[in-house]
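Take the sequence shown: its letters are residues -23 to -1, 1 to 526, numbered as in mature numbering (1 follows the signal peptide of the UniProt record, and there is no 0).
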Amino acid sequence: MFTRFIFCFFLVALLPACGGEDAATPAPEPTPSPQPQPTPPDRAMTDQEAVRLLLQASFGPTDGSVENVAEIGAEAWLEAQFASPVTEHLPLLNSTFPGDEIYSHHWVEIWWQRSIYADDQLRQRVAFSLSQIFVVSTKDARLLVDPRGVTSYYDTLLTHSFGNFRDLLEAVTLHPMMGMYLSMLGNEKPDAERNIRPDENFAREVMQLFTIGLVELNQDGSVVTDSQGNPVATYDQETIKGFAHVFTGWHYAGRASWWDDNYDGQSPMEPYEAFHDRGEKILLNGTVVPAGQNARADLAMALDNLFNHPNVGPFIGKQLIQRLVTSNPSAGYVSRVAAAFNDNGEGVRGDMRAVIEAILLDDEARDINSTSTGKLRNPLLRIAHVMRVFQSRARDGGMGHEFVGLNIGVAPLDSPSVFNFYRPDYSAPGAIREAGLVSPEFQITNEISITRYVNYMFYMAWFNNLRGDDIVEDDAGIVNFDQLAALSDDHDALLDYLNLMLMDGQMNDTMRTVLMDALDYWSQGEADWVKLANVVYLITISPQFAAQQ
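Structure follows, in structure tokens:
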């Protein structure tokens, strides 16, 4: 009964954050919008505006990052982030776990370390967003047993996060983890005697999920329809066949022959021409790949064909908006981001930096008083937020969250399928769907997932702060409440700080009153850390914390 209540509470509380609510359902008492704050004369932004940007463009705010962003402003902070060197994951994985005894949870441990503490926070957050589009998964047993290869794949997303989408698309296509996951690696030309036909798996997904989607789109993301009002398909079976034949003849790098047993899970796949189909292929919009070309020439034509399709800007741009800012961007927002993809202002198509700037500097992203933007946050982002604010680490120097997937059912690069943990067009039944809105993260939100998350936050905020080496293991991730201790006796100041750092100033009067009463109660004979742990726990399991406004 309790979990059913929590789930309903999540749904009702998040409707405004998703852009609307069911008109037939009595509306809850309106939550006062935060009042505009004057920007201090010596600063570019208020603290609240800085936190909003950091929730969208990093894994969460810290005291130092809020001060920095507020001082220099959004544009200058983005420029500094674009200029930051790439903080790769694989070198840290290799130095931390140098031996042969290495498993998938070791990669997750490194992901946490880099996501929480790397200086290039924007790049780390964009790469995480890209990992939910260009999906590979350790649910595949071949990837599960190669954590170095999986880490290398994630570094590929990091490396190309601020580059050109065309380069990103090629790097993803040729990475052996993607090659294994979607069957391009070892894909052979037709051979009737051996009953071999080119595998169509990657050919389908590179169109449906990685570039253009199933239907033609206008620049604002709206669907193009025919004279009968039916959506116009972007491709058909013959197009899939054409791409499948393009993607033949690629295998692990460094093999003496196709049948060599050399395994390389990190280097880009290489062509083996004897197994590439050199026949003519038909691609999107009737583009013909002429017969007689080698594998690299065919691949270049195919990826150019995809890259130059007009769908890519709105299709990819909207998904990045959803991952960073809001589940239901306006048509104008999508159009502006797609325009930046189509031309960065200097005649360059696919400039990821221009796309990211367009997403994060748009008025819809920066307006702290908007009531039409927002999203339910991925549980990993909520956990990372808490870890960033309270500088979480384990006593042994690690992060203590390498088994997060077993505990809450979500982990980086561990989705159940190529469709990610949730689809960008998923719409929760009821008021959200009836309002014509989407709510991707609600696809993994249910009684079980909420209960697991609530228990995990209790473990983080309360259990891990129990004093005594005999109670808490050295490898447990402990959140650090030291900075809260100075505010412990001033409950107004304490809630002001938590409201800013955990809730982006969205705490309403009702919630503040409940928390104030709880703080007063816990002040009666309890140790300070118990009071602090409990108030953080209550905030981090609230629907208001789950929603990014």
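Ideal Cβ placement from N, Cα and C applies to all residues, glycine included.
Please report the Cβ distance between residue i and residue j, rounded to the nearest whole angstrom; I am assuming they are in contact, meaning their Cβ atoms lie under 8 Å.
i           : j      : result
Gly219      : Leu260 : 5 Å
Gly242      : Pro153 : 5 Å
Gly454      : His378 : 5 Å
Thr211      : Met184 : 7 Å
residue 598 : Val266 : Since the first residue shown for the chain is -23 and the last is 526, residue 598 is missing from the structure and cannot be characterised.
His66       : Trp88  : 7 Å
His222      : Lys258 : 5 Å
Asp24       : Val43  : 6 Å
Met157      : Arg181 : Not confirmed; about 16 Å, so no contact.
Asn511      : Trp439 : 7 Å
Ala47       : Met22  : 5 Å
Ser426      : Val112 : Rounded, the Cβ-Cβ distance is 19 Å, inconsistent with contact.
Ser114      : Leu390 : 6 Å
Phe36       : Arg365 : 6 Å
Gln214      : Gly351 : With a Cβ gap of about 40 Å, Gln214 and Gly351 do not count as contacting.
Leu509      : Leu479 : At roughly 12 Å, the Cβ-Cβ gap does not stay under 8 Å, so Leu509 and Leu479 are not in contact.
Leu353      : Thr422 : 7 Å
Ser61       : Asp97  : 4 Å
If you count every other CB in all the chains shown that lies within 10 Å of the CB of residue i, and 16 or more means buried, which is it?
i      : result
Thr490 : exposed
Gln58  : buried
Phe380 : exposed
Gly76  : exposed
Leu477 : buried
Thr128 : buried
Tyr240 : exposed
Ala95  : buried
Pro304 : Before going further, note that residue 304 is Ser rather than Pro in the sequence given. Ser304 is buried by the Cβ-count criterion.
Ser394 : exposed
Ser369 : buried
Asn262 : exposed
Ala405 : buried
Gln205 : exposed
Tyr399 : buried
Asn207 : exposed
Asn172 : exposed
Tyr80  : exposed
Tyr237 : Note on identity: in this sequence residue 237 is Asp, with Tyr being the wrong assignment. Label assigned to Asp237: exposed.
Ala233 : exposed
Pro68  : exposed
Note down, in chain order, each residue of its chain lying with its Cβ closer than 7 Å to the Cβ of residue i, except the 5 sequence neighbours on either side.
i      : result
Gly375 : Glu86 and Asp452
His82  : Glu379 and Phe380
Phe179 : Leu159, Ser160, Met161 and Phe224
Asn397 : Gln109 and Val112
Arg429 : Asn384, Ile385 and Gly386
Leu194 : Val200, Val201, Asn288, Pro291 and Phe292
Ala315 : Gln196, Gly290, Pro291 and Gly294
Val507 : Trp499
Thr16  : Met22 and Thr23
Asn319 : Gly290 and Arg326
Output needed for residue i: all residues of its chain with C-beta closer than 8 Å, excluding positions within five of it in sequence on either side, in chain order.
i      : result
Phe284 : Phe142, Arg143, Leu146, Thr188, Arg326 and Gly327
Asp203 : Val209
Thr225 : Asn164, Glu165, Lys166, Pro175, Phe252, His253, Asp254 and Ala272
Pro3   : Low per-residue confidence applies at Pro3: pLDDT is 37, beneath 50, and the placement is therefore not dependable, though the value from the model is reported in the following sentence. No residues qualify anywhere along the chain.
Quick check on residue i - is its C-beta less than 7 Å from some C-beta in chain C?
i      : result
Glu165 : In the structure shown, chain C does not exist; there is a single protein chain.
Between which residues of its own chain and residue i is the CB-CB distance below 6 Å, once the five residues before and five after are set aside?
i      : result
Asp197 : Ala308, Val311 and Ser312
Leu99  : Ala34 and Gln58
Arg29  : Ile345 and Asp481
Pro306 : Ile298
Pro401 : Gln296, Gln299 and Pro417
Ala371 : Gly377, Asp452, Ala453 and Gly454
Asn457 : Phe367 and Gln368
Leu151 : Pro245 and Met246
Leu70  : Ile87 and Thr128
Ala331 : Ala317 and Asn321
Arg359 : none
Leu471 : Leu464
Met155 : Val113 and Val149
Ala388 : Val85, Val381 and Gly382
Entirely within the segment 280 to 324 and at least 4 residues each: give me those alpha helix (DSSP H) ranges in chain order.
289 to 301 and 308 to 319
Examine the Cβ distances between the segment 128 to 135 and the segment 101 to 117 and report whether three or more of them are shorter than 8 Å. yes
query = Taking three-plus beta-carbon pairs below 8 Å as touching, is the segment 506 to 516 in contact with the segment 333 to 352?
reply = no
Using 8 Å as the Cβ pair cut-off and three pairs as the minimum, do the segment 493 to 506 and the segment 455 to 474 touch? yes
>> Count Cβ pairs between the segment 414 to 425 and the segment 329 to 338 that sit closer than 8 Å; are there 3 or more?
In response: no
ask   = So, do the segment 173 to 190 and the segment 281 to 300 have three or more beta carbon pairs nearer to each other than 8 Å?
value = yes
### Query
What alpha helix (DSSP H) runs, 4 residues minimum, are completely inside the segment 174 to 224?
178 to 185 and 214 to 223
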